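Notes follow once the structure below has been shown.
Residue numbers (the working numbering): 185 to 246.
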């Protein structure tokens, strides 16, 4: 897989998790609830996806 394609897939993962976190936060706000385990799990997945993307970007510059 080319590096450009790898970065594109990693960026798609980040966007996917950002959307999921935003949607769940909106639902929880609507229901008058705070954080819950599922939201924390999604936030952790988002952080890992962002870390993978940051780690891949310097390699793409080579």
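Heads up, the beta-carbon is just placed ideally off N, CA and C, and yes, glycines get one too.
For clarity, every value in this text was computed on a predicted model and none was experimentally measured.
{"query": "Beta-carbon proximity list for residue 197, same chain, < 7 Å, skipping 5 on both sides", "result": "233"}
{"query": "Helix, strand or coil at residue 217 [DSSP, three-state]", "result": "coil"}
{"query": "Nearest neighbour of residue 252, chosen from 186, 213, 226 and 193 [CA to CA]", "result": "Shown here, the chain extends from 185 to 246; a query on residue 252 therefore has no answer."}
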